[in-house]
Each structure stands twice: as structure tokens, then as C-alpha cells.
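Worksheet: one structure, shown below.
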Amino acid sequence: MTPEEFVQQLEADRTLAVVRAASIPDAADLCRALADGGIRTVELTFTTPDVLRHVQRAAETAAEHGVAVGIGTVMTADQARAALDAGARFLVTPGLRPEVAAVAAAAGIPFSLGAMTPTEVAQALDLGSSVVKIFPARQLGPAYLKDLQGPYPGIRLLPSGGIDATNAMSYLDAGATAVCCGTSVVPPAAVAAGHWADISARAAAFTGALK
């Protein structure tokens with residue numbers, strides 16, 4: 006997946022699912038459940054045990070479920086390299102991580118750097134972030150995204166944190182390229198238990214609210 010393809014998929018689906026769970030019974034089944042609900046971009050995180058194994062499983066079965074799986078909470082260059090070796094299609098960081106950006110850029114892989122202040126947004130753009138992750142979005146609200154587009158016209162923003170079906174459209178209306186969905190769609194307990202039908206229904210409800 007090129008940076009351009011990553012952005013195009015986010016623009017089309019308007020969301021990315023962030024999965025944090027104590028365990029994942031089968032990453033392929035998880036991806037299939039989310040795809041059935043209309044979510045084709047999924048971020049597993051380094052806070053999940055054995056995440057590299059899960060990403061490899063998702064990557065090996067991508068032709069079956071059609072989901073682009075990346076890794077988030079990437080903090081170091083070594084983690085970035087391990088993620089790419091496992092088959093991650095994109096990388097996401099919670100804050101500015103120049104060393105992660107360098108690894109991804111050298112590999113031609115899309116990445117999204119986390120930022121909160123206008124200065125951090127500028128730094129993320131300078132480092133080549135395909136979309137800038139605004140985190141934690143719940144602390145700033147949709148109006149902040151609209152404000153950022155004054156000094157940064159055309160910027161691609163990906164708000165994350167505290168977003169659910171009741172407020173997602175307000176972030177998109179404020180100019181977000183897409184929004185991250187988390188525990189409202191992929192509750193850690195439901196993921197760990199393999200409740201795939203429930204997750205599919207949650208994903209469908211969330212994507213339905215974006216139309």
C-alpha cells in the first residue's frame with residue numbers, strides 16, 4: 006500500500022478501526038468481521054500481546070478479507086522495522102516519532118504521526134505524515150480541526166480518542182479525512198472472546214452513521 010492508496014482508502018471509508026485487546030483469537034476472523042461491517046483499514050497496536058504474530062496472520066490472509074492492517078503505538082525504529090517485517094501495511098504513532106517516520110519513509114510505507122498542538126502538526130507534516138493523527142481528540146473537539154485548517158489548508162487529519170457513532174460525523178463535518186473508531190466498535194472483551202458477529206454489527210452501525 007502506497008501513501009496515496011492509504012489516503013484514498015481512508016477518504017473512501019472515512020474510518021480506521023483501532024484494536025486494543027488483551028488477546029486476539031484469530032486476526033483473520035477479526036479482519037473479516039470488520040470488513041463485513043464496512044471497515045477495511047485496521048490498526049493493531051504494540052500494546053496488544055503478540056501483535057507481530059497477529060499482523061502476520063492478517064497479512065497472510067489479506068486476499069480473503071481485503072483489510073489493510075497496520076500497527077499503531079509504534080515508538081521506536083526497531084518496532085517499526087519489526088512491524089514492516091511482519092507485513093504491516095502502515096504505521097501509526099501516538100506522538101511525534103521521527104525515527105519511526107524515517108523507517109517508514111525509507112520503505113515507502115504510509116504512516117500517521119500523532120500530534121496535538123499546531124507546532125506538532127507542522128512537525129508531523131515536515132516528517133512526511135500521510136495524515137496527521139490528532140490525539141487525544143476528545144480533549145479538543147471537532148472545532149479544533151476546523152481551526153487547524155486556517156494555517157494548514159488542505160491538511161489531512163485523523164482524529165482519535167473518544168469517537169463513536171454519536172459524534173463521528175461532527176469531526177468529519179469539521180474537515181477530518183477520516184475518524185478512528187475504538188472500543189465502541191471493537192470492545193477488548195468482545196475481541197478476546199471472538200464475538201465476531203457482535204463486532205460486525207458494531208462496525209456496520211458505525212459506518213452507517215458516517216453516511
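Here the sequence shown stands for residues 6 to 216, where the numbers follow this note's numbering.
Where is the CB? At the ideal position from N, CA and C, for every residue including glycine.
Legend entry - Whether residue 166 touches residue 141 by CB criterion (7 Å): By one-based count along the sequence shown, residue 166 stands at place 161. By one-based count along the sequence shown, residue 141 stands at place 136. Contact flag set, yes.
Inset, instruction - List the residues that DSSP assigns as beta-bridge partners of residue 117. - result: Taking the sequence shown and counting its residues from 1, the one referred to as residue 117 is at position 112. 97, per the DSSP bridge assignment.
Inset, instruction - Alpha carbon to alpha carbon, how far is residue 77 from residue 195? Give it in angstroms, no decimals. - result: For the purposes of this step, residue 195 is identified with residue 190 of the sequence shown, where counting begins at 1. For the purposes of this step, residue 77 is identified with residue 72 of the sequence shown, where counting begins at 1. Between residue 195 and residue 77, the C-alpha separation is close to 20 Å.
Inset, instruction - For the beta strand (DSSP E) holding residue 24, just list the boundary residues, first then last. - result: For the purposes of this step, residue 24 is taken as residue 19 along the sequence shown, with counting starting at 1. Here the beta strand (DSSP E) through residue 24 covers 20-24.
Legend entry - Length of the line joining the Cα atoms of residue 37 and residue 70: For the purposes of this step, residue 37 is identified with residue 32 of the sequence shown, where counting begins at 1. For the purposes of this step, residue 70 is identified with residue 65 of the sequence shown, where counting begins at 1. In a straight line, the C-alpha of residue 37 is about 5 Å away from that of residue 70.
Inset, instruction - Between the Cα of residue 216 and those of 32, 175, 203 and 75, spot the shortest distance and give me the residue it belongs to. - result: The residue labelled residue 216 in the question sits at position 211 within the sequence shown. Nearest C-alpha to residue 216: 175.
Legend entry - Three-state secondary structure (DSSP) of residue 89: As a first step, residue 89 is located in the sequence shown; it is residue number 84 there, counting from the start. Note: residue 89 maps to helix in three-state DSSP.
Inset, instruction - For the alpha helix (DSSP H) containing residue 147, list its first residue and its last residue. - result: Locating residue 147 in the sequence shown gives position 142, where the first residue counts as 1. Residue 147 -> alpha helix (DSSP H) spans 147-153.
Inset, instruction - Return the first residue and the last residue of the alpha helix (DSSP H) that residue 109 is part of. - result: Numbered from its first residue, the sequence shown carries residue 109 at position 104. Start and end: 103-112.
Legend entry - Straight-line gap, residue 124 to residue 42 (C-alpha atoms, nearest Å): Looking up residue 124 in the sequence shown gives position 119. Looking up residue 42 in the sequence shown gives position 37. C-alpha separation (whole angstroms): 36 Å.
Inset, instruction - Confirm, please, whether the CB-CB distance from residue 82 to residue 47 is below 7 Å. - result: Counting from 1 along the sequence shown, the entry for residue 47 is found at position 42. Counting from 1 along the sequence shown, the entry for residue 82 is found at position 77. The criterion of a C-beta distance shorter than 7 Å is not satisfied by residue 47 and residue 82.
Inset, instruction - May I have the straight-line CA-CA distance separating residue 61 from residue 86, to the nearest angstrom? - result: What you label residue 61 is simply residue 56 of the sequence shown in a count that begins at 1. What you label residue 86 is simply residue 81 of the sequence shown in a count that begins at 1. Distance between the alpha carbons of residue 61 and residue 86 is about 13 Å.
Legend entry - Those runs of the alpha helix (DSSP H) which lie wholly inside the stretch 12-87 and span at least 4 residues: The qualifying runs are 32-41, 56-65 and 67-70.
Legend entry - Identified DSSP bridge partners for residue 164: The sequence position of residue 164 within the sequence shown is 159, counting from 1. According to DSSP, residue 164 bridges with 139.
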